[in-house]
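Visitor:
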């Protein structure tokens, strides 16, 4: 596969579940990664086909899809699993059995497991690190397997964490999140409700009332950060391809004079967090591995309240980009290698 | 202007500020109204031009624009003012001076006046009714002038009112509203940030922190309904032409077993409110004079909390349609006359 | 089904294949038709479900879907078949066997049959009229079955016909048509290439080189109109829900001084053709049963050449609206009954 | 301006008219160019403001705008003029007077001058090269000033040229081009017809009948390539941000068995032309400095006819990217330096 083997000495990588939007984004990022090369990409239903992806440099690359069972795990040093929720954990077990590192993009091994009760293979360790480097970087470096966070949680937790850690969120309060995502977050499988004619000029909420699969990994992370409050998470479907904007209402213990300074102090040295006085827009973040956050003090209310905004590209910092960031840490590479900023 | 004078005995109507999106929608609705006819439409910068509008029946109609000073107020029985905020109130005064009824679509005479400090002409009465028929119908019937509500407040107040009136909203609490509107809500004047290339594939909040012009009319209405809580209103700009979806987080005094039944009880006889078990989508309401509302009980939180959703077409129930509804009441016509449902 | 049975004496109608976009549009139009009522709507895969459609008046209507075999043909006076190409002709035969009139929206019985070689049932007469009323109205009135034209051909033939009939198109010449359609023209079945994320911000041609299924019905109609030239038809997929714009390059026998007058003379009395000096746009025609046409003389070329433009809503004048127009003619009703203009 | 001065020894560059879409794209490309740095960017109406652009690597960069008269031409080695048509030529003269090289993105100095009759300053040489490197590369290398081609002509001429040079286009014939462009091609100045609400779900032709400003540079180039046929150019406005697709009907002297091989033979060594058996789509080319072309033989017609398709990003290969390509040639750099492929 000379199309994407750029250097002889680079690290060989495999992608399981490469035909979804996150899988394709991964193939593109690896193709232009300075220290990695793509050795195989699997897609069961589309095996034998070639998928066109964009590299991180913008080039079009044709990636041949093979059947998962035809993947030679021993050829690679790390595997990304972008398999569907529920189907991923068994493959993670097989990869670990072969002694290969793995970044799992599914919710199967995140805190709360996205509600899954599928058995966990024996080769999977008890505490799989939650791969949100800006919050839990120390857990990732030595790990053989990392659970890559969900797209919504990435945006929400990065915005909230500095205020939670500083004890500024009112104990027992309700933090309400209205988040909106582009349709690529719903995957590349054809579903009637994702057809162009159904989505254009439309907007609606879904999974309302705190029943979304991403809630447990958020509440778990909030507790780890020392927070004692409830989250209400209400996702919406936007008529755009990519991008998530989370709008977060935070009751405070006391008014904060300059909330942006709290964000800046926390993220000054983080290459993939942008603190912005201006409200973040999807157009600022698409195709980039960043969380762009802002904070505004709420006026005309009795309860001291903060508004947080966080924008990400759901396929980059919300999936494939963050997975590469985690892999870079696991492999001892520059954390920013191969990532568009 | 025989193009839109359908019957000899219908009520002659004038529209001031007809070149904006709400003004054009008004011209279209009046053109197909069974009991009204459009006698003049003014647009200062586009006087002498012809604007194409869609009637309520879907026909294309060419409406000639005249200068405001060329409008003969004595020819009409009612005037709609769709002039810009700040510019409308003086014209409302002139129309009332001429003894003509007026529905004002600007914020100039709503509670809080949208923050305007422009002097109010002497002919404008002290208490101008706030024209949200589903909540305050009794005020409208005899009025010479009605302040047509803002688009966002229409959606939010109709959803909240039954719970406020029943004393179900926790006193002192913060009710947080994340609302998203199509770009027609921002008007038809060319602005760089409303160009297609800036809006497509984008999404962002604006006027964050409770500083939007629509806040005062909402807090005033909440107080009239007996509510004692704070509102946090965060609007967003959607890449769609028409439609508003408001997502409302409501801390309750106690859990409500069946919140939909509260909505149904309140709106069973209202022709322009649709209570839906399914979450409302913009596609359900565009081009229709309805508020479509739903309610969901929030799980996994300590504070009893309700989620409300309300969708409207910002140009119909959020502006021109509601204005016609108010005019129908003022003129003693069937409230639903000429309104697409 | 009292929801859409508006009058006791109206004509009972059935729709086969009601879950596609054209089928749903049909259900909506019949629901608000002044002389018809919808007795059944079939959808094999979605039988037992309820589909929400918009009536011609804009109201939302929930239509229950039944299995085709559960449809009682004897209950109705006319059936619309919006079944897929290839599957429709057998049902047309069954309906005719039952002595019921039928409008077939598939290509199965159009000239050239869209390339189909599926056997035609014996009950189908030899020459099924091609239901383009503006060109072939006389054929439709007495017919028991009518083949409803394709969306692209409707736009193209209405624009071309007056020039063909007048002998103005150069014999032997190539008339090149670049046409672009919204995605609803490709149907409501989930296909990966019709997902929002694939269509937004994209544009491409398809079926290039004169291989589209709609070509035979166009070349046949051109011959019937007396034309002796070749058609090149190149369709494109637009990132919009509805609408077709056909841009047609026509080599002429001689220059035409005022091509708009040729169109006006032909269509002056046609309620569903709009001749416009301004170039037609999709926004002018969506949700309306019209073809909007314009003509421009080409400058700076040696061959006398005409540019024609035709815009339609592919689901209304290009499918369901035209089908109702044909049914109105077949049933002896006002041709415009129930049709949004 | 340390934000975008990446290396001490790189070539200093100035951009005139940097606030338009092409100007911003230029600033972004220069910011990530390995051998250039941006010394100044002018924007008369927005002087003193900062514009955010994307670098070729995807980073967000804030570029300060200065008044044109505050630009120190002596600081730079090359200037790009992205000033409006009509306004550019005087500045080109001033830059040449200062002994500085210039790439002019306006139509002022292209063949036919876009119809302009504005006087040409004395410092502008008589024959300004037309900067389409794939066709006329030899003219560019030594030039002090180059006229950067229009976006539409770039796509059309690259597709046509191999067939014209081979004498395959029928003499005297009419080559009809239906081209569709995203709205960024119409510029960043706020105009009512470019508002999101006017463009979404819409599509229309404009400048129909061969009256577009880009026609003369195409007919001139066709003649230089040895063609003797007429062009009919019909542009359309697409509801997308970026991208042009040109669909070209070409009457041939004789049938061509394998038209793709003609394209491949011509462009095998061109880094910025992609010959594709698959029909090109906008999604294949956005944000890339390429023309993607395909060719299809037309069936069922008497005249041997070829269909050509060409897709470009109107702001990259259609404007700023091609301008950088020209500058690279003029400055003796690698032609592909700093250009996303």
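Protein chains in written order, with our numbering: chain A, -19 to 321; chain B, -19 to 321; chain C, -19 to 321; chain D, -19 to 321. Every residue, glycine too, gets a C-beta built ideally from N, C-alpha and C.
1. Whole angstroms is fine: what's the gap from residue -17 of chain C's alpha carbon to residue 72 of chain C's?
2. Which same chain residues, not among the five before or five after residue 242 of chain A, have their C-beta less than 8 Å away from its C-beta?
3. If residue 308 of chain A and residue 111 of chain A are in contact, beta carbons under 8 Å, what's the gap, nearest whole angstrom?
4. Of the residues that make up the segment 18 to 32 of chain B, which ones have a beta carbon closer than 7 Å to any beta carbon in chain C?
5. Within the 9 Å Cβ cut-off, does residue 233 of chain A reach chain B?
6. In the structure shown, what three-state DSSP assignment does residue 321 of chain A receive?
7. Thinking just about the alpha-carbon of each residue, which of B:230, B:250, B:266 and B:304 is nearest to the one in residue 283 of chain B?
8. At the 9 Å Cβ level, is residue 144 of chain A part of the contact set with chain B, yes or no?
9. Please check if any C-beta of chain A sits within less than 9 Å of the C-beta of residue 38 of chain D.
10. Can you tell me the Cα-Cα spacing of residue 176 of chain C and residue 223 of chain D, whole angstroms?
11. Which bits of chain A does residue 345 of chain B rub up against, with CB to CB less than 8 Å?
12. Suppose the cutoff is 7 Å on Cβ atoms and the five residues either side in sequence are ignored; what does the same chain contact list for residue 79 of chain C look like?
13. Given a cut-off of 9 Å on the beta-carbon distance, is the pair residue 134 of chain C and residue 271 of chain C in contact?
14. Does the distance from the CB of residue 225 of chain C to the CB of residue 159 of chain C come in under 9 Å?
15. Starting from the N-terminal side, write out each stretch of the beta strand (DSSP E) that is 3 residues or longer and does not extend beyond the segment 65 to 123 of chain D.
16. From this set, D:267, D:11, D:246 and D:-7, which residue's C-alpha is nearest residue 139 of chain D's C-alpha?
17. Is it buried or exposed, residue 52 of chain D, if we count other Cβ atoms within 10 angstroms and call 16 or more buried?
18. Using a Cβ-Cβ distance cut-off of 9 Å, determine whether residue 168 of chain C contacts chain A.
19. For residue 201 of chain D, does the three-state DSSP call read helix, strand or coil?
20. When we look at the beta-carbon of residue 214 of chain D and count the other beta-carbons within 10 Å, is it buried (16 or more) or exposed?
21. Are three or more beta carbon pairs between the segment 257 to 271 of chain A and the segment 123 to 133 of chain A nearer than 8 Å?
22. Along chain D, in chain order, which residues have C-beta atoms closer than 9 Å to that of residue 320 of chain A?
23. List the residues of chain D that residue 264 of chain A touches, going by C-beta distances under 7 Å, in chain order.
24. Taking 9 Å as the threshold (beta carbon to beta carbon), is residue 267 of chain C in contact with chain B?
25. Evaluate contact between the segment 285 to 301 of chain C and the segment -2 to 11 of chain C, counting only Cβ atoms and requiring at least three cross-stretch pairs below 8 Å.
26. Taking only beta-carbon positions, decide if residue 303 of chain B is within less than 9 Å of chain A.
27. Does the beta carbon of residue -17 of chain A come closer than 9 Å to any beta carbon on chain B?
28. From the DSSP output, in three-state form, read off residue 173 of chain B for me.
29. By a C-beta neighbour count over all protein chains shown, 10 Å radius and 16 as the cutoff for buried, is residue 55 of chain A buried or exposed?
30. So what's residue 23 of chain D in DSSP terms, helix, strand or just coil?
31. Can you tell which of C:189, C:-2 and C:39 has the C-alpha that lies nearest to the C-alpha of residue 30 of chain C?
32. Rounded to whole angstroms, how far is the Cβ of residue 292 of chain B from the Cβ of residue 265 of chain B, which I believe are closer than 8 Å?
33. Reducing DSSP to helix, strand and coil, say where residue 272 of chain C ends up.
34. Along the segment 216 to 229 of chain A, what residues have a CB closer than 9 Å to any CB found in chain C?
35. On the CB-based measure, 16 or more other CB atoms within 10 Å of its CB, does residue 114 of chain A come out buried or exposed?
36. Flag residue 297 of chain D as yes if its beta-carbon sits less than 9 Å from any beta-carbon of chain B, otherwise no.
Guide: The structure says:
1. With a pLDDT of 45 at residue -17 of chain C, under the threshold of 50, the modelled position of this residue cannot be trusted, and the question is left open.
2. 142, 143, 146, 148, 236 and 275
3. With 8 Å as the limit, residue 308 of chain A and residue 111 of chain A do not qualify as a contact, their Cβ atoms being about 11 Å apart.
4. none
5. no
6. coil
7. B:230
8. no
9. Yes - at least one Cβ of chain A is within 9 Å of the one on residue 38 of chain D.
10. Between residue 176 of chain C and residue 223 of chain D, the alpha-carbon positions lie close to 18 Å from each other.
11. Outside the shown range of chain B, which is -19 to 321, sits residue 345 of chain B, and nothing can be said about it.
12. none
13. yes
14. Yes, Cβ-Cβ distance for residue 225 of chain C and residue 159 of chain C is below 9 Å.
15. 81 to 84
16. D:246
17. exposed
18. yes
19. helix
20. buried
21. no
22. 37, 38 and 39
23. 40
24. yes
25. yes
26. no
27. The predicted model places residue -17 of chain A with a pLDDT of 46, which falls under 50 and marks its position as unreliable; any figure quoted below should be read in that light. Taking Cβ atoms only, chain B never reaches closer than 9 Å to residue -17 of chain A, which makes this a no.
28. helix
29. exposed
30. coil
31. C:-2
32. 6 Å
33. Strand at residue 272 of chain C.
34. Per Cβ criterion, the list reads 219, 220, 221 and 222.
35. buried
36. no
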